[in-house]
Structures are given as structure tokens and as C-alpha cells.
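Beneath this line is the structure, given in C-alpha cells, with notes to follow.
2 protein chains.
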Amino acid sequence: MKDSEKIITLNHGSGGKISHDLISGLFLKYFNNKILNRLSDSAVIDSFEEKLSFTTDAFVVEPIFFPGGNIGKLAVCGTVNDLAVSGAVPKYLSASFIIEEGFSITDLEKIIKSIAEEASMAGVAIVTGDTKVVPKGKCDKIFISTSGIGFLKKEFENIGLATKVKTGDKLVVNGTLGDHAIAILASRESLKFETEILSDCSSLNHLIQKSLTVCPHITFMRDITRGGLTTIAVELASMIKKGIMLNEADIPVKEGVQAVCEIFGFDPLILANEGKVLMAVPPEYAGSVLENLRNDPLGQDAAIIGEFTDDHPGKVVLKTIAGGKRLVDMPAGVQLPRIC
Amino acid sequence: MKDSEKIITLNHGSGGKISHDLISGLFLKYFNNKILNRLSDSAVIDSFEEKLSFTTDAFVVEPIFFPGGNIGKLAVCGTVNDLAVSGAVPKYLSASFIIEEGFSITDLEKIIKSIAEEASMAGVAIVTGDTKVVPKGKCDKIFISTSGIGFLKKEFENIGLATKVKTGDKLVVNGTLGDHAIAILASRESLKFETEILSDCSSLNHLIQKSLTVCPHITFMRDITRGGLTTIAVELASMIKKGIMLNEADIPVKEGVQAVCEIFGFDPLILANEGKVLMAVPPEYAGSVLENLRNDPLGQDAAIIGEFTDDHPGKVVLKTIAGGKRLVDMPAGVQLPRIC
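What follows is the structure in C-alpha cells.
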């Protein structure tokens, strides 16, 4: 295909391999600078006594209201979590809205109210914003972009880069995987469950701050969103050239989520979450970090799901429930578009 | 009309009265905080030794390529200018993209390249970003949201609030009004001119920094975008409860722009600009500020266009070329949708 014939596909927004190629091939090529090149979710900016963390995300989720949240709540959680996993205390958010002509102001108010409530819960202020309206048919209801600033202690500035991870460090998640994606799918397909599956959409900053207080030795954190656990694990292994072994039996997945995955042929490990964090913790601290997580409503189902190895450096191996081992790779494209 | 029947109209995004009502009635109601309530284009954030300025804007301009710029260049200029008029030195930008499935990657590359070039010219770095893709028909080609952080000296922190403006202060603009809006209109309508009208889309931060160096006594600055000169003048008069007198004869408007305005029945004073700043300057400094502006390529057509009065406090009066005087008011809605 000639360069001039290349078009954007849904896969470019998937968070998988094709997204990565677009970002490195195009964005990094032009925007090339030390801060961006870290390719962490937040920009860490030298400033005065402390560091600043600065991040942005666009939210285009469909449907805009879903079990467990809506696009407004999501737009706060997503940006708060990006700041929190950088080690920062999230402080200030901006919100910019692109709204379709004809959109219900009642719905807009619900969204705005939800943004305000979630921001208050997370302890951040929405300090600046913008609103654009486009003619009917030129966007789908409402899109929201949020940016955030957080204050970051110097000791945590490289936590997103995993520079301190050692072989034997444990991988910990704060709960079940795939809830958000399945909640979205269920509302699109009007699936009915015995127990409704809610999106896990939530601001993790307080949980993360508590974890860093209990254990300042956490060596890596990343929120598990588009692309799921697999994508992050593969990125992480390849970034620090260590092996990762994941134990399928230890990875928490809700029964309902597992059931839907079997019906649709989805892999819960590549499904999106909006309230999950992956942490790397030195083995001697893993127990206390886990206990601390489980004492929080957002970490009740926390689990140790794997560890870093010297074997197969740069690769991720899954020890399956059946007892086998298989190499896992980043999904090439998108399982579910417009998940966030 | 019942509340539940209210819908978003293009006027809600116009920057005029209806936008203002939406923002105060909905956004401020929920997001209520001291920083946001300033309703300045940038959030001024207490931090360490200096202040931070933080701003965001969504860009949905149509067409995405227009004479004098494109949506990428615009997305940098708009945010840089919001920071610059707050008195800050713009430093870091985020960029989040919402792209329609099927969008040309060649066009995306042109846009990205243009963002990089304009950022480099303005001396800012794009330090973080995000990309979402929505299915064909769910947005119109590409939307970009940029946020920016700038560093702000304490002495300038209230420049956007005009707290130091005194009666007799002069109003200065750095050039002709309406160029951006007419360039957009011309490309939509395929109008041909003897001399093509280019958008004035440009980063004003260096020009503004030079002005603040020549005259740290500048008492107000705002970039003149959606809603045009009239909207800003009316907001300003009402904010500080002083009168403003504008001299139509002194307001620079290109002949071609004037001609198009006459044909379409537009008022150049409410047309959008993307490279224009309105400054308030004590009369004793107005001459040197004007000279300094005129020595810069972005200020060649700078002019003193009016002054603050004790008469008609809170109102804006235009002394017309014909010699009459008339009260001007904020436009209620939108002249041209998707201008930025």
C-alpha cells in the first residue's frame, strides 16, 4: 500500500501493536523530546522543589452511560489514575468537551454532576475547561478530553519506568480483570446476567497513595486499561528485558466475566479495566502490600499473579490453569472499539 | 420547554451569551472552585516559587486544512496564546486526538508535522498525548484537544482579571480583525479573492513576552478568538464595571475581510481571530507598546482602538466611522460554526 493510501483503522486506537506503531512511527518522530519519549502515561516535568506530573486522555466510550459509570466519571478516573500510577498526588484537572448539536442537556448535566462527584472523591479540582459543539452527525453525542497535573516526590519519579524492578519481584493486581469491558459489552448487546456486571471505573489515587505509604519500595505501577493485563505485561517485560511469569490460576476474574468471555471468545487478560492497577513489589513486601490493598473496598480481590524471572527475558509466559505454559503477546488490534 | 427537553445547539459552542449561560448554569454549578471560578482562559495554580498556568482547548475546525494553517497548528497556537495572555511563559503541551476511522494517515502526518513545527516556533514541548479512533461517521475526520502548562511570575498573575485597569487606559490590538474567520469561510464556500485572505493563526507568546518586557504595566490581556473583539470588550467592561469606548475608524480590518463582511452581512468585530491579542495599557505607555508591537511581524498593523471611560460603566460604546455612537452587545449565538 502506498503511504498516501494509508488510512486510520479502529486498530490504531486499540492500545495494541498497531497503536504503538502509529505512536512511534508518527507522533514520536515529530514530537521527539525527552519527556514525551519516556512514553509513560504522564509527563514528568522538572519544576521547582517537587516534580509535576502532567497527563491527558480523550474519552469516547459508547454507550456514554453504562453499568457502574458514565463518560464523565470515566474521564476523571482515567486521568486521576494515570497521574496516580506515575507516583503523583493528582491535584488539578482540565476538561474539554466536544458535544453534538442536539445532545440532551439533562444528560449533559448528569455527566457534569458525575465528573464533579468523582473529582471530589478523588480530591482533585477541575480548574479549566472548554466546550465545542459540532453540527448533528459530526460527532457521536459527547467526547471528553481531560488533562491532569499532579505533584510528584522525586523518589517516585521513575516508578512508571520500572528501573528498580528486580528478578523475583511479585506482580500484584488490586482485583478482578475485564469488568469494565464486559459491562460495556453487556450494555451494547443488552445482555442480562443473574448478577449485573458493573464497570470497575474508579479513582485509584487514594488506594495507590496508601500502598506507597505502606511500601515506598514498589518498583512499578501502571493502570490496566485498553489492551488489558497482557499488553502492559508485554510492554513491561520488553522495556526492562526481564521475563514475566503469570499464573493464570491466581488472576482474579469474575465468574460472569469468564462466562461472557467463553461465549464471545474473548480473553479476559486483554480486556480493558478502568479501576485496576498492576504493581511490582519486592517479594519481602508483597504480603503487606496485598493485605493493605485487601483492606480497601477497591482492593478486596487483590492478588499476587506472577513474578519477574531471568528466564525468557523480554517475554511474558502464562502458566495456564491446565498446567501448561504459553507465550503471550500483545493483541494486534481491537477486541471492542470505544471502550473508553 | 421542560428541562428534560433541552438540547445542545450550535449556539452553545459559539462563545456568545448562550455559551456563557451554559457554563455558568451547568459547569460552574458543579465544578465550583476558586481557580475555575476566575473564568479566565487559564487556571492559575499555586505552586512552589512561581505560579503555574494551566489551560485546555478542543479544536474541531472545519475544514481541517485552511489558508494559513490547519487544525494542528491551530491546536498549538490556541493553547499557547491562552497561556501567554495569562502572563505565563508557555512550556509544556499535551495533545489528545480523536480520529475517524478511515482518516488519511498522510493528512494525519501533515497535521502532526505542523503541530511539531508550531510548537518548536513557540518554544513549547508536546510532553504527553492520547489517541482514540472512533468508527466511520462517529466524528468528522479529526478533533484535537490540547492542554498547556506555563510558568507565571507572581506580578502577572491577575493580568487576565484586569484588576489594575484604570480609566483612561488605552486598548491596543496587534493587527487586523476577522482574518481567521474569513479564511475559513472562504475555504468552505470556495470564494476567490484577488489577494487570498490567510488565517492569522499564530503563537503570540514571544510577541506578548516582548510587550511585557517593554511594559510590565500592561493591565489586561486576552486573545481575541470566538466571539471576536466585541465579546471580549463586553465581558471586560462588565467584569470591571468600567465603560469602554471603541473607535471604529481605528480598528484595523483588511479590505478583503471588510468586503466579505458586507456581502455576507457579518460584523468584523464579532468574527474569530487566532493570532490577535487585546491589551489594556496605561496611556503613558501606549506609544511604546504600540511601537514595540509594530516592530514585530505579528504586530505590523497594531493600533490603539479605544479606551476605558467612567461613562456608561459596564457597557461598550462604538464610535462609528459615520460619527454616531452605538452600544454594542455580545452576540447571542454563532455566526460561523466550527471556526476553531
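Going down the list, the protein sequences come from chains G and D.
Just so we're aligned: 504 in the numbering used here is position 179 of the first sequence, and the numbers increase by one with no gaps anywhere.
Just so we're aligned: 524 in the numbering used here is position 199 of the second sequence, and the numbers increase by one with no gaps anywhere.
Where a beta carbon is used, it is the ideal one built from N, C-alpha and C, also for glycine.
The straight-line gap separating the alpha-carbon atoms of PHE384 of chain D and GLU442 of chain G is approximately 27 Å. DSSP places ASP548 of chain D inside the beta strand (DSSP E), whose first and last residues are 545-548. Around the CB of ILE533 of chain D, 16 or more other CB atoms lie within 10 Å, so the residue is classed as buried.
Interface flag for GLY394 of chain G against chain D is unset, since no Cβ pair is found closer than 8 Å. By the neighbour-count criterion, in which 16 or more other beta carbons inside 10 Å mark a residue as buried, ILE646 of chain G falls on the exposed side.
The beta carbon of GLY454 of chain G sits closer than 8 Å to some beta carbon of chain D. Within the region 553-607 of chain G, the complete beta strand (DSSP E) segments of 3 residues or longer fall at 568-572, 602-606, listed in chain order.
Under a criterion of Cβ atoms nearer than 8 Å, no residue of chain G is adjacent to ARG513 of chain D; the nearest Cβ is some 13 Å distant. DSSP places VAL539 of chain D in the uninterrupted alpha helix (DSSP H) bounded by 530-539. Looking only at G:THR334, G:ILE343, G:LYS331, the smallest Cα-Cα distance to PRO656 of chain G is reached by G:ILE343. In the structure shown, LYS398 of chain G adopts helical secondary structure according to DSSP, grouped into three states.
For SER421 of chain G, the residues of chain D that pass the 7 Å Cβ criterion are THR381, ASP382, ALA383, SER470, in the order they occur in the chain. Taking a Cβ-Cβ cut-off of 8 Å, LYS601 of chain D has no neighbours in chain G, whose nearest Cβ is about 18 Å from it.
A check of alpha carbon separations from ILE451 of chain G across G:ASP432, G:LYS416, G:ILE484, G:LEU433 identifies G:LYS416 as the nearest. Straight-line measurement puts the Cα of HIS337 of chain G at about 8 Å from the Cα of LYS457 of chain D.
In this structure, GLY612 of chain D lies away from ASN572 of chain D, with their beta-carbon atoms at least 8 Å apart.
Around ILE474 of chain D, the beta-carbon contacts reaching into chain G at under 8 Å are ILE370, LEU377, PHE379, ILE474. At the C-beta level, ILE424 of chain D and LEU433 of chain D come within 8 Å of one another. When the five nearest sequence neighbours on each side are left out, the beta carbons in the same chain lying within less than 6 Å of the beta carbon of ILE440 of chain G are those of GLY397, VAL401, in order along the chain. Chain D places no beta carbon closer than 8 Å to that of LYS435 of chain G, leaving this residue out of the contacts. In this structure GLY485 of chain G is in contact with SER411 of chain G, their Cβ atoms being roughly 5 Å apart against a cut-off of 8 Å. Inter-segment contact for the region 557-565 of chain G and the region 608-627 of chain G is absent: fewer than three beta-carbon pairs are separated by less than 8 Å. If you draw a straight line from the Cα of ASN598 of chain G to the Cα of GLU514 of chain D, it comes to about 45 Å. Straight across, the Cα-Cα distance linking THR544 of chain D with GLU480 of chain D is about 11 Å.
From the beta-carbon of CYS402 of chain D, no residue of chain G is found nearer than 8 Å; the closest lies around 14 Å away. By the Cβ neighbour-count rule, PRO541 of chain G is exposed, with fewer than 16 other Cβ atoms within 10 Å of its own. Counting only runs of at least 4 residues, the region 373-458 of chain G fully encloses the following alpha helix (DSSP H) elements, listed from N- to C-terminal order: 396-410, 430-447. Here ARG651 of chain D is bridged, per DSSP, to D:LEU643. Closer than 8 Å to the CB of ASP465 of chain D there is at least one CB belonging to chain G.
Per DSSP, reduced to three states, the secondary structure at LEU486 of chain G is helical.
Interface annotation for the region 544-558 of chain G against chain D: empty, criterion Cβ-Cβ distance under 8 Å.
LEU510 of chain G sits in a helix when the DSSP states are folded into three classes. For VAL614 of chain D and SER421 of chain D, the gap between their C-alpha atoms comes out near 36 Å. The beta-carbon separation of GLY475 of chain G and ALA413 of chain G, rounded to 3 Å, stays under the 8 Å limit for a contact. When DSSP reads this structure, VAL497 of chain D sits in a beta bridge with D:MET604, D:ILE629. Here THR538 of chain D is exposed, its C-beta having fewer than 16 other C-beta atoms within 10 Å.
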